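Heads up: the sequence lines are chains A and B, in that order. Residue numbers 993 to 1288, in our numbering, belong to the letters of the first sequence in order. Residue numbers 100 to 430, in our numbering, belong to the letters of the second sequence in order. Note that beta-carbon positions come from the ideal geometry of N, C-alpha and C, so glycine has one too. Bear in mind the structure is a predicted one, so any value in this text is a computation, not a measurement. One structure is given below, encoded as C-alpha cells.
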Amino acid sequence: MSSNPRLSLGPNLFYWSRDDIFDFYAEVAEMPVDIVYLGETVCSKRRSLRTEDWFDLADRLSSAGKEVVLSTLSLLEAESEMLTLRRLCENSRFMVEANDMGAVQLLIKQGVPFVTGPTVNIYNPATLQVLANKGLKRWVMPIELSKETLAEMQAERPEGVETEIFAFGRMPLTLSARCFTARSHNLPKDDCQYKCLDYPDGRLLSTQEKKPFLALNGIQTVSSLTCNLLPETAEMKRLDVDVLRISPQSQHTGRIVEAFHQALQDETPPPLDRYVPLGTCDGYWHGGAGMERLKG
Amino acid sequence: MELVCPAGNLPSLKAAVDNGADAVYIGLRDDTNARHFPGLNFNEKRATDGIVYARRKGVRVFLAINTYPRPDGWERWQAAVDTAAGIGVDALICADIGVLDYVSNRWPDLNLHLSVQASSTNYEALRFYQENFGIKRAVLPRVLSLSQVKNVVENSPVGIEIFGFGSLCVMVEGRCILSSYVTGESPNTCGACSPAKFVTYKETPQGMESRLGDVLTDRYGKNEQAGYPTICKGRFEVGENTFYAIEEPTSLNTLELLPELQAAGIEAIKIEGRQRSPAYVAQVTRVWRQAIDACKRNPDRFSARAEWNRELGKVSEGATTTLGPYYRPWQ
C-alpha cells in the first residue's frame, strides 16, 4: 500500500537577520513544500521578527497556497514568553504546533485542532490516544525514536491523526536555561549581543580530537551531522507517514526540498551530501545511536 | 517545606529515614525509572521492607516510574505501576502521559507527582497534568531562575518540588537526547544518561582520556581527577578555545536560598542522587534537615553555616557547588 506523503518545512531553528528571513521565505513560497511551520522555537530574545511579522509572513505564504502552521517556543521560562504563547495559541486563523505541554494545554482550552512538535514526548500509543481525544491533529515523532517504534505506533494510531517525521536537518537534541553560544564568547545570556546571528547553522563544537560533534544554537544544542532520510522515502510511504519534515538550513534548502519532491514522485534525486554543512547520519531511524550512519 | 531524599537501595533508604527525611524516593530494578543502573534499585520485597521501615518512623515513600515506555515495553510500565500500587507507596512520580493516564484510571486513589522528566517548566503545562490526571505535586526542571520559580508557584494548581542539591542536569530534563545521540540510549527510553557500558578510560601520551562510545569527552592532566564522561560535563573545542563548553563538573547547592524558597511557598526540596552511597544519603540528609529546621525556626536570621557547606562540598561532583539556573548570571 502506498500513501502519498506531503512535504513540510519545519520552523527555522537558527537566528538569521530580518532580511535573510524574508528572503528565505520568499523563496519558500516557490518551493514544492505543502506545509510551512513559522515562528521562533528556540529563544525569545531573538527578535528579527516580531509576532506581528510572523503573522504577516503566515498570510503571505498562505496566499501562496501553503498550509501554514505557527510553531511555539520549546522552553518556556518567563511570563513574557507565556504572553507570546497565548497570542499564538489564540490566533484564530492558523493551526499551531505546540512545542511544550503549556502550549498543548492552551490549545486544548481553545478547543482547536493542533500539531505537536518533536519536543512533545509522545513515545507510545496510549499517549497518542490521550492527546487525540483532546484535539491532536498531527504529531511529529520525537527525534530519537526508530522506524520500528514508528511501525508499532502507526498500527495503533487513532483515527484522524497524522504522523510527521523529521526527515532532514541538523537535529535538535536538547535545550537549557543557559546560552551556550553566549558562553562560547564569554558573555552572559542577558548580554548575548545576539551572537547567534554569526552562526546561521549553529556554532561548531568539536572534540579534542578535532572531530565535529555538536553545534551550539543559543540555548539549544543540535547535531553537527545532518539527519538525512532521503533514501528512506519509500520506507516512509510503506509506513503510511503523512508528512516528511525538512528543517531549514542557511544554504541549499531549495535543492533539498526539490530532492525530496523528486523522491516522492519516484524519480531519482541527486545525493544531498554536498549540500549539508558536515556530513549526514540516520542512526535514530534505524534504531541505533543518532550520530551513526547506518545506511544511506 | 518537606525534605525528599534519594535511595538506590535499602541501606540508603534507612539512612535517609534515620537522618531526617520527610519522604524518600526510590525506583524499581528496571528501565521504568531514570536511574536504571546496574546493581541499583529495589525489587518488590525490598521496596516493601523499605516502606515498612519508613512508615514506622512516619516517613513516606515515593516511587519513580518516570521514563517513557515505547510500544514494545508498555506492559513493563503497567506492571511497575501495579506493583507500586500493590505495595502501597505514598505517591508515584511519573512523566509519560500514557502512564499517567493508566494510573489515574486504574488506581484513582494513588497520589501522583509529576516527575522532572515531564519537562514542565510553566503553570499552563502543570494545569494540563492536574486537570487530566489529578497530579498533586510537580517537580520543576532545573532551568528556571528563582523569580521564575516563584511565578510558577504563584500560578500553579499543585504544590511545587524543586531540586536543592546534587548533580546538576544543565539541560531541561526529559527533553535531552545527547546520550542517545552518542549511544542509542537516553534517560527517556532506557533510564540512564551516558550508560556505564559505553564508558571507557584510557591512559595515553596526551593524558588520561574518557570516552562515551567513540566520542572523546575529556583529556585529563597529571593532577586532574578523571570525571564521568557525561557529555554535558566534557571539555570540547569551540572556536579557538578548549573548555567546559556546556558545564563544569559541579553540583547544585541551594542551601543559601532556603529562606527565599520557603517564602516562595515551595512545598518540597528534592535531593538528587539515587545512584550515590548510603554515606552520601546520610550526610546530605543530615545537613539539609538541620538547615530546613533552622530556616523554619528563624528565616530572617538564617544563613548557610560554613560547616554545612563543608560537609556538602565533600560529597559534591567536582567538589564544587553552584546555585545553577536559580542564579541568573549562571545562565
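Of the residues assessed, TYR300/B falls on the exposed side of the cut-off, its CB having fewer than 16 other CB atoms within 10 angstroms. A contact between stretches requires three or more CB pairs, one per stretch, nearer than 8 Å, and the region 1251–1259 of chain A meets this requirement with the region 1221–1228 of chain A. DSSP links TRP1131/A through a beta bridge to THR1108/A, THR1155/A.
The three-state reading of DSSP puts GLY172/B in helix, counting H, G and I together. Under the Cβ criterion (8 Å, minimum of three pairs), the region 410–427 of chain B counts as touching the region 242–249 of chain B. Residues of the same chain with a CB within less than 6 Å of the CB of ILE125/B, apart from the 5 flanking positions on each side, are ALA106, PHE141, LEU162 in chain order.
For ARG1175/A, at least one C-beta of chain B is nearer than 9 Å to its own C-beta. The beta strand (DSSP E) runs lying completely inside the region 304–365 of chain B and spanning 3 residues or more are 306–311, 314–319, 335–337, 340–342, 350–352, given in chain order. Relative to ASN1178/A, the option among ARG334/B, THR166/B, PHE342/B, THR316/B whose CA is nearest is PHE342/B.
Counting along the chain, PRO1262/A sits inside no alpha helix (DSSP H), nor does DSSP assign it H or E at all. The beta carbon of ALA1118/A sits closer than 9 Å to some beta carbon of chain B. A distance of 9 Å or more separates the beta carbons of TRP1008/A and SER1036/A. In this structure, the CA atom of GLU366/B is about 49 Å from the CA atom of VAL1020/A. Contact with chain B is found for ALA1169/A, since one of that chain's Cβ atoms lies less than 9 Å from the residue's Cβ. By the 16-neighbour rule on beta-carbons within 10 angstroms, PRO1110/A is buried. Judged by their CB atoms, LEU354/B and VAL386/B are nearer to each other than the 9 Å cut-off. HIS1244/A sits in coil when the DSSP states are folded into three classes, being neither helix nor strand. In this structure, the alpha-carbon of LYS1101/A lies about 29 Å from that of GLY1057/A. Straight through space, the alpha carbons of TYR222/B and LEU191/B are spaced by roughly 20 Å. Between THR1218/A and THR1173/A, the C-beta spacing is not below 9 Å. Nearest Cα to PRO1164/A within the set GLU1284/A, ASP1051/A, ASN1116/A, SER1239/A: SER1239/A. Taking 9 Å as the Cβ-Cβ cut-off, the region 1182–1215 of chain A approaches chain B at ASP1182, ARG1195, LEU1196, LEU1197, SER1198, THR1199, GLN1200, GLU1201, LYS1202, LYS1203, PHE1205, LEU1206, LEU1208, ILE1211, THR1213, SER1215, given in chain order.
Annotation for GLY265/B: the continuous beta strand (DSSP E) segment containing it runs 258–266. Considering only beta carbons, the part of the region 250–267 of chain B lying closer than 8 Å to chain A consists of ASN250, in chain order. Under a criterion of Cβ atoms nearer than 7 Å, the residues of chain A adjacent to SER219/B are, in order, MET1093.
Judged by their CB atoms, SER1000/A and VAL1025/A are nearer to each other than the 9 Å cut-off.
The region 1041–1055 of chain A makes no contact with the region 1178–1194 of chain A, as fewer than three CB pairs between them are under 8 Å.
Below 8 Å, enough C-beta pairs join the region 183–203 of chain B and the region 226–238 of chain B to call them touching: three or more.
For the region 1143–1217 of chain A, the continuous beta strand (DSSP E) assignments of 3+ residues that do not extend past its boundaries occur at 1154–1167, 1195–1198, 1204–1209, in sequence order.
For the options ALA146/B, TYR152/B, THR419/B, GLY333/B, the alpha carbon positioned closest to that of ASP117/B is the one of TYR152/B.
Under the criterion of beta carbons closer than 8 Å, LEU267/B and ILE330/B do not qualify as touching, at roughly 14 Å. Ranked by Cα distance from LEU1077/A, the options LEU1098/A, PHE1086/A, GLU1059/A are led by LEU1098/A. Around the beta carbon of ASN204/B, fewer than 16 other beta carbons sit within 10 angstroms, so the residue counts as exposed.
A buried status is given to GLU1156/A, since no fewer than 16 other beta-carbon atoms sit within 10 Å of its beta-carbon. Interface flag for PRO294/B against chain A is unset, since no Cβ pair is found closer than 9 Å.
The beta-carbon of PRO1261/A is placed no less than 9 Å from the nearest beta-carbon of chain B.
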